[in-house]
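Enquirer: Protein chains in written order, with the UniProt record's numbering: chain A, 1 to 121; chain B, 1 to 279.
Using N, Cα and C, we set each Cβ at its ideal position, and we do this for glycine too.
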Ligand SMILES: C[S@@+](CC[C@H](N)C(=O)[O-])C[C@H]1O[C@@H](n2cnc3c(N)ncnc32)[C@H](O)[C@@H]1O
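1) Compute the Euclidean distance between the alpha carbons of residue 23 of chain A and residue 53 of chain A, then round it to the nearest angstrom.
2) Just how far apart, CA to CA, sit residue 139 of chain B and residue 74 of chain A?
3) In this structure, does DSSP put residue 106 of chain A in helix, strand or coil?
4) Could you list the residues in the segment 73-96 of chain B with a C-beta less than 8 Å from some C-beta on chain A, going in chain order?
5) With a threshold of 7 Å between beta carbons, is residue 182 of chain B in contact with chain A?
6) Helix, strand or coil: how does DSSP classify residue 223 of chain B here?
7) What's the C-alpha gap between residue 274 of chain B and residue 228 of chain B?
8) Please look up how many angstroms separate the CB atoms of residue 166 of chain B and residue 100 of chain A, rounded, as I've assumed it's under 8 Å.
9) Using a Cβ-Cβ cut-off of less than 7 Å, list which residues of the segment 100-112 of chain A approach chain B; keep chain order.
10) Determine the DSSP secondary structure at residue 77 of chain B, reduced to helix, strand or coil.
11) For ligand 1, I want to know if residue 85 of chain B counts as a neighbour, meaning its beta carbon is within less than 6 Å of at least one of the ligand's heavy atoms.
12) Would you kindly report the start and end of the unbroken beta strand (DSSP E) that includes residue 108 of chain B?
13) Using only the heavy atoms of ligand 1, determine whether one of them is closer than 6 Å to the beta carbon of residue 81 of chain B.
14) Can the beta-carbon of residue 135 of chain B be found less than 7 Å from the beta-carbon of residue 103 of chain B?
15) Confirm, please, whether the CB-CB distance from residue 51 of chain A to residue 26 of chain A is below 7 Å.
16) Under 7 Å between the Cβ atoms of residue 162 of chain B and residue 109 of chain A?
17) Mind checking whether the beta-carbon of residue 27 of chain B lies closer than 6 Å to any heavy atom of ligand 1?
18) Quick one: is residue 138 of chain B near chain A, going by C-beta distance under 7 Å?
19) Check the Cβ-Cβ distances between residue 264 of chain B and every residue of chain A, and say whether any is below 7 Å.
20) So is the beta-carbon of residue 214 of chain B under 6 Å away from any non-hydrogen atom of ligand 3?
21) Return no unless some Cβ of chain C is closer than 7 Å to the Cβ of residue 57 of chain B.
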């Protein structure tokens, strides 16, 4: 099974994302901020990370930079999933090493389409 | 699950509406869609201050309002589409269409324009592409409201996230949040025209490829034959027909056969005898 780490400080969003991802046959794990997510990736890197932008402790951007500089053995795909919906944010995310970008609110079709684009659905 | 067995039998209003759609466009309403007519027409009912489908049908039958039939037909046409729908098909098109000469493509049943724009993006992104090497893309649909949206080139947040890789969004669109506008530079390569595939003549000239995807699925059989013949006549010898992922020509028409070189595309069958018989 493909694995996805959902990183979001909202429990509700994590639950919604988990539900959709499980119907797409992903094994899902969760993290509430960037720090937790980095620890999870060090322990066992997922195939793809669904990443919120604004989170306490460590933001999505800081996490992404840390991840791309880390010695995590694989290169998980990173799909930003955020309410920061302007082009400037999108550019910044892609430049920092994100593979795809989902603007909230999202639905199953959007998530499935973006995961297909990164080669995982 | 529980409601599935309790679908109401089609009412007289449903039958009138389905007959109107078929008379205007050849499209039949699939049985799994019949019960959704109410939902699909709710915005129209609201806009006209009506409560029930019976009232809407009465307005139509009274004949006083010439526009109501158009509005009903547009509301009932299924305009479901997305950018790079069935992405593999676009890879195939990319392989099949070479760079030689000015290429002409026809997107028949283009809905809100995602299909012709995907073609335009793909060709514009080819290495060494220039304005002169861009194909001419003609895109037609029977729905005026779909065409109006296509011509405006504006898409919702939901639409730009279906099938469109974010890098293409960054490159070809402007906007944020609710509304995204495709670059005028891309849009100008597509010319949109209203055309009813069943009754109107095809766009003039010969095409290297015709895409008619997810349009014929619910078209009544005699109209299907008409449309296949029209497309065959519009294709240059050696040109290709592209259908939707779940569609085939097999058992539908003798005018086309599966391409041996590009699995999933169709080529015109040469024999003229075959052509006149099936048309
Ligand atoms: C499901 S959409 C498909 C759009 C696009 N080709 C795709 O595959 O994503 C079908 C479109 O065909 C159009 N259509 C249906 N009957 C038609 C007819 N008789 N003449 C022209 N267009 C028609 C509808 O208005 C609708 O926009």
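Expert: For this structure:
1) Taking the first residue of the first chain as position 1, residue 23 of chain A is located at position 23. Taking the first residue of the first chain as position 1, residue 53 of chain A is located at position 53. Going by the C-alpha atoms only, they are around 24 Å apart.
2) For the purposes of this step, residue 139 of chain B is taken as residue 139 along the second chain, with counting starting at 1. For the purposes of this step, residue 74 of chain A is taken as residue 74 along the first chain, with counting starting at 1. Looking at the two C-alpha atoms, the distance is approximately 44 Å.
3) One-based indexing of the first chain puts residue 106 of chain A at position 106. Correct three-state label for residue 106 of chain A: coil.
4) 82 and 87
5) On the second chain, position 182 is the one that residue 182 of chain B refers to. Residue 182 of chain B does not count as touching chain A.
6) What you label residue 223 of chain B is simply residue 223 of the second chain in a count that begins at 1. Residue 223 of chain B: helix per DSSP, three-state reduction.
7) Locating residue 274 of chain B in the second chain gives position 274, counting from the first residue. Locating residue 228 of chain B in the second chain gives position 228, counting from the first residue. Bear in mind that a pLDDT of 45 at residue 274 of chain B, under 50, signals an unreliable position, so the model cannot answer this.
8) Residue mapping note: residue 166 of chain B aligns to position 166 of the second chain, counting from 1. Residue mapping note: residue 100 of chain A aligns to position 100 of the first chain, counting from 1. Confirmed, about 5 Å.
9) 100, 101, 102, 103, 109 and 110
10) Sequence index remark: in the second chain, residue 77 of chain B carries index 77 (1-based). DSSP places residue 77 of chain B in coil when its eight states are reduced to three.
11) Taking the first residue of the second chain as 1, we reach residue 85 of chain B at position 85. Correct: residue 85 of chain B has its Cβ closer than 6 Å to ligand 1.
12) Position 108 of the second chain holds residue 108 of chain B. Note, residue 108 of chain B: beta strand (DSSP E), 104-108.
13) Locating residue 81 of chain B in the second chain gives position 81, where the first residue counts as 1. Residue 81 of chain B Cβ: within cutoff of ligand 1.
14) Position 135 of the second chain holds residue 135 of chain B. Position 103 of the second chain holds residue 103 of chain B. Yes, Cβ-Cβ distance for residue 135 of chain B and residue 103 of chain B is below 7 Å.
15) Indexing the first chain from 1 puts residue 26 of chain A at position 26. Indexing the first chain from 1 puts residue 51 of chain A at position 51. No; because the gap between Cβ atoms is not below 7 Å, this pair is not in contact.
16) Translated into positions along the second chain, residue 162 of chain B becomes position 162. Translated into positions along the first chain, residue 109 of chain A becomes position 109. In this structure, residue 109 of chain A lies closer than 7 Å to residue 162 of chain B by Cβ.
17) If you number the second chain from 1, residue 27 of chain B lands on position 27. Yes - ligand 1 has a heavy atom lying nearer than 6 Å to the Cβ of residue 27 of chain B.
18) Taking the first residue of the second chain as 1, we reach residue 138 of chain B at position 138. So no, residue 138 of chain B is outside the interface.
19) For the purposes of this step, residue 264 of chain B is taken as the residue at position 264 of the second chain. Output row for residue 264 of chain B: interface = no.
20) Among the ligands in the structure shown, ligand 3 does not appear; only ligand 1 can be found there.
21) Although the question refers to chain C, the structure presented lacks it and instead comprises the protein chains A and B.
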